[in-house]
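So the structure is just underneath, and the comments pick up after that.
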Amino acid sequence: MGAFAWLLVVGVPLYALLVATFQQTSEYRAAGPLTIPSDPTLGNYARAIENGLAGFVLNTVVVTAVVVAIVVALAVTAGYAIVRTRSLMTNSLFRVFLLGLAIPNQAVIIPVYLIIIEMGLYDSLLAVMLPTAAFALPVCILILTGSMRDISDDLYEAMELDGAGPVRMFFRLVVPLSRSGISTIAVYAALQAWNGFLFPLILTQSPDKRVITLGLFEFQGLYRVDIPGLLSAVVLATIPLFIVYLVARRSLVSGLMGVGGK
Numbered sequence: 001m002g003a004f005a006w007l008l009v010v011g012v013p014l015y016a017l018l019v020a021t022f023q024q025t026s027e028y029r030a031a032g033p034l035t036i037p038s039d040p041t042l043g044n045y046a047r048a049i050e051n052g053l054a055g056f057v058l059n060t061v062v063v064t065a066v067v068v069a070i071v072v073a074l075a076v077t078a079g080y081a082i083v084r085t086r087s088l089m090t091n092s093l094f095r096v097f098l099l100g101l102a103i104p105n106q107a108v109i110i111p112v113y114l115i116i117i118e119m120g121l122y123d124s125l126l127a128v129m130l131p132t133a134a135f136a137l138p139v140c141i142l143i144l145t146g147s148m149r150d151i152s153d154d155l156y157e158a159m160e161l162d163g164a165g166p167v168r169m170f171f172r173l174v175v176p177l178s179r180s181g182i183s184t185i186a187v188y189a190a191l192q193a194w195n196g197f198l199f200p201l202i203l204t205q206s207p208d209k210r211v212i213t214l215g216l217f218e219f220q221g222l223y224r225v226d227i228p229g230l231l232s233a234v235v236l237a238t239i240p241l242f243i244v245y246l247v248a249r250r251s252l253v254s255g256l257m258g259v260g261g262k
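With the UniProt record's numbering, the residue at position 3 of the sequence shown is 3, and numbering never jumps.
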């Protein structure tokens with residue numbers, strides 16, 4: 001009974017989402033979102049593409065790829081330094097990173113906006129990438145330090161006896177054994193970049209710099225909302241991220257189980 005109730009909770013909204021994308025706008029308003037379309041159409045998907053969805057997706061893919069690259073590069077090296085150095089300075093820096101968990105991006109959007117203006121990056125995709133990566137780093141460093149702490153000290157000592165230095169240990173030991181944690185932070189950073197709304201809204205204004213979350217406004221007029229077209233755009237925009245999740249879901253779960261370390 002519990003499984004059936006959970007199936008309803010998950011299945012009904014998904015059914016309503018998918019069915020609405022094949023309905024005419026007039027039929028959706030008259031019959032409601034749960035009605036099976038009497039005359040199914042793919043026009044909503046075509047209209048979503050015609051309204052520039054492909055360009056929005058391309059911008060979002062670029063932003064997401066760069067954010068993931070920045071976050072993985074910085075979080076992996078920072079996590080390695082925090083776990084291996086164990087000095088007062090690194091512990092203090094780790095606490096500073098964790099402080100970022102308590103600061104929402106809405107609270108600092110004005111300073112971020114002024115910094116982006118001073119850097120001459122306003123109305124560019126880079127203006128979205130940098131703050132998005134910065135606000136994803138605290139969680140990612142927390143996850144990676146938990147994952148890296150599970151690596152036995154005996155393995156480090158064995159590599160030291162073989163004459164390995166910190167750089168070699170990083171690439172030959174830490175990175176291979178932290179793949180699940182790295183996959184976790186990559187998926188997390190991708191989600192933050194893909195679903196980001198505030199930074200693109202405040203830090204860009206040109207139509208050719210819009211990402212998916214802003215592009216969905218194309219389906220909203222002053223006095224009406226094209227709900228079937230909007231939901232069709234949402235479905236198309238979700239497919240790439242859904243594929244990434246399917247590929248990395250096992251690493252994502254195992255990486256999250258490692259948070260906290262020993």
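Positions of the beta carbon are idealized from the N, C-alpha and C atoms, including for glycine.
- In this structure, residue 186 sits near residue 72, with a CB-CB distance shorter than 7 Å.
- Residue 90 and residue 238 have their C-alpha atoms roughly 39 Å apart.
- Bridge pairing for residue 220: 225 [DSSP].
- The straight-line gap separating the alpha-carbon atoms of residue 3 and residue 244 is approximately 27 Å.
- Look at residue 122 here: in three-state DSSP terms it is coil, with no helix or strand label.
- Of the candidates 180, 217, 202, 220, the residue whose Cα lies closest to the Cα of residue 108 is 202.
- The C-alpha of residue 168 is placed about 11 Å away from the C-alpha of residue 162.
- Counting only unbroken stretches of 3 or more residues, no beta strand (DSSP E) element lies wholly within the segment 94-160.
- Take the alpha-carbon of residue 192 and the one of residue 213: they are about 12 Å apart.
- In the pairwise beta carbon analysis, the segment 96-106 is classified as not touching the segment 27-41: fewer than three pairs are separated by under 8 Å.
- A direct Cα-Cα distance of roughly 46 Å separates residue 5 from residue 173.
- Secondary structure note for residue 26: its alpha helix (DSSP H) is the uninterrupted segment 25-31.
- Distances from the alpha-carbon of residue 66 to those of 78, 31, 132 put 132 closest.
- Within a 10 Å sphere around the beta-carbon of residue 219 sit 16 or more other beta-carbons, which makes this residue buried.
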